[in-house]
Amino acid sequence: MRLRALLETDALGLRLLGGEDELDRTVRGVMTTDLRDPSRYLSGGELVLTGLAWRRDASDSEPFVRILAGAGVAGLAAGEAELGDIPADLVEACVQHRLPLFAVNETVAFATITEHVVRQVSGERAGDLAAVVDRHRRLMTSGPAGGGPEVVLDLLTSDLDLRAWVLSPTGRQIAGAGAPLPAPLGAALAGHHLAATRTGRRGPYRAAVAGSTYSLFPIRNAGRGAVPAARDVRESVLSDWLLAVEADASDWPAARLDLLQGVTQLIAVERDRRDAARTVRRRLAQEVLELVQAGAAPAEIAARLRVAAPVLLPGLGVAPQWQVVVARVDWTAAGTAGGAGVPGDIAGGPVAQALLEEILVDPAVSGPDSADRIAVAHTGEEAIALVPLPAVPAPLPETVDGLTDNAGTADTAEAPAAEAPAAQDPALHADALLASVREPLSAGLADDGRLTLGVSAAVHSAEGLRGALEEARHARRVAAARPGRVCAAGHHELASHVLLLPFVPDDVRRAFTARLLDPLRDYDRRHRAELIETLEAFLDCDGSWTRCAARLHLHVNTLRYRVGRIEQLTGRDLSRLEDKLDFFLALRMS
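All the letters of the sequence shown, read from the start, carry residue numbers 2 to 591 under this note's numbering.
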């Protein structure tokens, strides 16, 4: 806005004392001060308001005005409440330095002027920025010449003093202006966004986190990869990006809200472009998966992998290892706010596919392009990721002064262990994958959704992919047997036979445990003989009479009597491995 517009606003009570030729100066802000030297707080273009408390005598005026003029302020407005008429020495100093000077009537509060200037300047900036956003959107629609969302986020910061970040559904920063958003804060904001979206409310959503207020704007994916007219909010809640703005938008004027909606539409265009880039990787994963599931010859699978490797690991000089990750999203309740569908109407495969693509991105790497090496297919309700891993070079033999013995191995008797660092394991681990995303995803899944995930061991050839797929599926079923909204299991957990018990049907479990343990429980209720406790201790001590007796504080003969009673009541022999194993499993399933 111009100084002339302020003078023409009667409600501000401004009277021009000098500088009529400078009234076309642009006002970019407002500042109230009574400091003798406010230069450190000035950036240029401000209307400075002062009550003249800095002035002790006539000699103070010229240095004060000289500082303001040097800082490039637009004008000076002095209040009449303190001294009545504005001192002539101040008027002369402003004329000398060509600084427009206004007198502020004592009946007008500085706050009134400040509010008017801020409102006018913000409105003009928003209008200018809206034009930039619209031009940027047109550029990006026709090609990548717009420069990406970072350009508009920078404009929000510079022109509207708004700090903003584009976040994934798990809170990973995709774009931002200025300092990166701390990962825990991003996860917390994503959790607020997902929880609010599940309620069916319209954005922006208000979130108070870590002492600051944020407004969260949904970024609806309306491009080629979007779900058309989603019938249920659960179809897209786990895949939509969001724009987090550090401000409370609840009292914003409609023009500013419209501007931010335009920014989200611009980012949605970029999201669509980057989703389209995933098409090739998804197709490669789908082709390899179909070959593996169809039992194709390893040579055929290996040939397809050789085609996929340059796309997924550009520039890699050695053949990678591969891991398989299987994910599934299940909905158990019908009808949430914002959607009237039932679980069977929601296609779980695409939801799990988009979510798995996000989960597999390294959380330490910001930006969307870190997902360029992830290939995820979906079949039925499952999403299946084929994850390439760089081969880890074998560590060199440890040496002392560079010498090895005649056998080619190092004599390390005197060598410190720290001299031969171990190679970093590139393999994925189930718990680590979900560590940073469990909180926001639990909010999005609410009380009617579950995410389960299984991770295979790394395999080094095409022959191992079929086994890796089955291993990942088994691990996911182990995760599904656990409580919680977001669960994962890895291949190493399949080694224990105890983890197979959740897959036994409930009626079989009940019949098996009742046949073995109910006679002992009935006997304990009638005689308080503690046969169940004795059986558990006996098995835990690997059938050792002396150790079990010591643990239970019994004489060995008393222990032998109790074990005999167990065998008599059940018809089993605890000296036989098969019977011991049956009792062990029955106790674990009970």
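From the three backbone atoms N, C-alpha and C, an ideal C-beta is built for every residue, glycine too.
(request) Alpha carbon to alpha carbon, how far is Trp166 from Pro181? Give it in angstroms, no decimals. (result) Using only the alpha carbons, I get a separation of about 8 Å.
(message) My output table needs one value for Ile533: the three-state DSSP class, helix, strand or coil.
(response) helix
(message) One question on the structure: do Ala458 and His492 come within less than 8 Å of each other, judged by their Cβ atoms?
(response) yes
(request) Pull up the CB-CB distance for Arg527 and Cys542, whole angstroms please, since I reckon it's below 8 Å. (result) No, Arg527 and Cys542 are not in contact; Cβ-Cβ is about 26 Å, not under 8 Å.
(request) Assign Ala286 to one of two classes, buried (16 or more other C-beta atoms within 10 Å of its C-beta) or exposed (fewer than that). (result) buried
(request) Please determine if the region 100-118 and the region 7-25 are in contact, where contact requires at least 3 C-beta pairs separated by less than 8 Å. (result) Contact holds: three or more Cβ-Cβ distances are below 8 Å.
(message) Please tell me whether Gly450 and Trp332 are closer than 8 Å, where the distance is taken between their beta carbons.
(response) Against a cut-off of 8 Å, the Cβ pair of Trp332 and Gly450 comes out as a contact.
(request) Please say whether Pro299 and Glu537 have beta carbons closer to each other than 8 Å? (result) no
(request) Would you kindly check if the distance between the Cβ of Gly192 and the Cβ of Glu440 is under 8 Å? (result) Going by beta carbons, Glu440 and Gly192 fall inside the 8 Å limit.
(request) Run the CB neighbour count on Asp574, radius 10 Å, all protein chains shown included, and call it buried at 16 or more, exposed below. (result) exposed
(request) Hey, could you find the ends of the beta strand (DSSP E) Met590 is sitting in? (result) Here Met590 belongs to no beta strand (DSSP E); instead the alpha helix (DSSP H) covers Leu578 to Met590.
(request) Could you round the C-beta distance between Leu217 and Ala208 to whole angstroms and report it? I think they count as a contact, below 8 Å. (result) 6 Å
(request) Would you mind reading off the limits of the alpha helix (DSSP H) that contains Arg552? (result) Trp546 to Leu553 is the span of the alpha helix (DSSP H), which, as asked, contains Arg552.
(request) Just confirm the distance between the C-beta atoms of Val438 and Ile375, as a whole number of angstroms; I'd bet it's less than 8 Å. (result) Contact flag wrong, Cβ pair sits at about 15 Å.
(request) Going by CA-CA distance only, name the one from Ala75, Gln262 and Val308 that's closest to Leu157. (result) Closest by alpha carbon: Gln262.
(message) Quick check: what's the CA-CA separation for Pro351 versus Leu267?
(response) 24 Å
(message) If you follow the beta strand (DSSP E) that Asp249 is in, where does it begin and where does it stop?
(response) Premise fails: Asp249 is in no beta strand (DSSP E) and is neither H nor E.
(request) Can you give me the Cβ contacts of Ala328 inside the same chain, cut-off strictly under 6 Å, excluding the 5 residues immediately before and after it? (result) Ala353, Leu357, Ala384 and Leu454
(message) Going by DSSP, what residue range makes up the alpha helix (DSSP H) through Cys95?
(response) Ala89 to Gln97
(request) Could you round the C-beta distance between Gly445 and Arg203 to whole angstroms and report it? I think they count as a contact, below 8 Å. (result) Their Cβ separation, rounded to whole angstroms, is 17 Å, which puts Gly445 and Arg203 out of contact at 8 Å.
(message) Assuming Leu43 and Ala72 are in contact, meaning their beta carbons sit under 8 Å apart, how far apart are those beta carbons, in whole angstroms?
(response) 4 Å
(request) Could you pull the start and end residues of the beta strand (DSSP E) that Glu47 belongs to? (result) Glu47 to Thr51
(request) Return yes when the Cβ of Leu13 is within less than 8 Å of the Cβ of Thr171, no when it is not. (result) no
(request) Please report how far the alpha carbon of Ala178 lies from the alpha carbon of Thr265, in whole angstroms. (result) 15 Å
(request) May I ask which residues mark the beginning and end of the beta strand (DSSP E) holding Glu236? (result) Taken as a continuous stretch (DSSP letters only), Glu236 belongs to no beta strand (DSSP E), as it is neither H nor E.
(request) Report the partner residues of Ala384 according to the DSSP bridge assignment. (result) Ala328 and His379
(request) Have a look at Val49 and Asp25 and give me their C-alpha separation to the nearest angstrom. (result) 16 Å
(message) Suppose the cutoff is 6 Å on Cβ atoms and the five residues either side in sequence are ignored; what does the same chain contact list for Ala550 look like?
(response) Val557 and Leu560
(message) Are the CB atoms of Gly46 and Ala78 within a distance shorter than 8 Å?
(response) no
(message) Which residue marks the beginning of the alpha helix (DSSP H) containing Ala70, and which one marks its end?
(response) Ser62 to Ala72
(request) Classify Gly204 as helix, strand or coil using the three-state DSSP reduction. (result) coil
(request) Classify Arg57 as helix, strand or coil using the three-state DSSP reduction. (result) coil
(request) Alpha carbon to alpha carbon, how far is Leu36 from His98? Give it in angstroms, no decimals. (result) 19 Å
(request) Tell me where the alpha helix (DSSP H) around Gly76 begins and ends. (result) Segment Gly76 to Gly80 is the beta strand (DSSP E) holding Gly76; no alpha helix (DSSP H) there.
(request) Give a yes or no on whether the C-beta atoms belonging to Val460 and Ala469 are separated by under 8 Å. (result) A contact, by the Cβ cut-off of 8 Å.
(request) Take the Cβ of Thr280 as the centre, count every other Cβ of all protein chains shown within 10 Å, and call the residue buried at 16 or more, exposed below. (result) That one is exposed.
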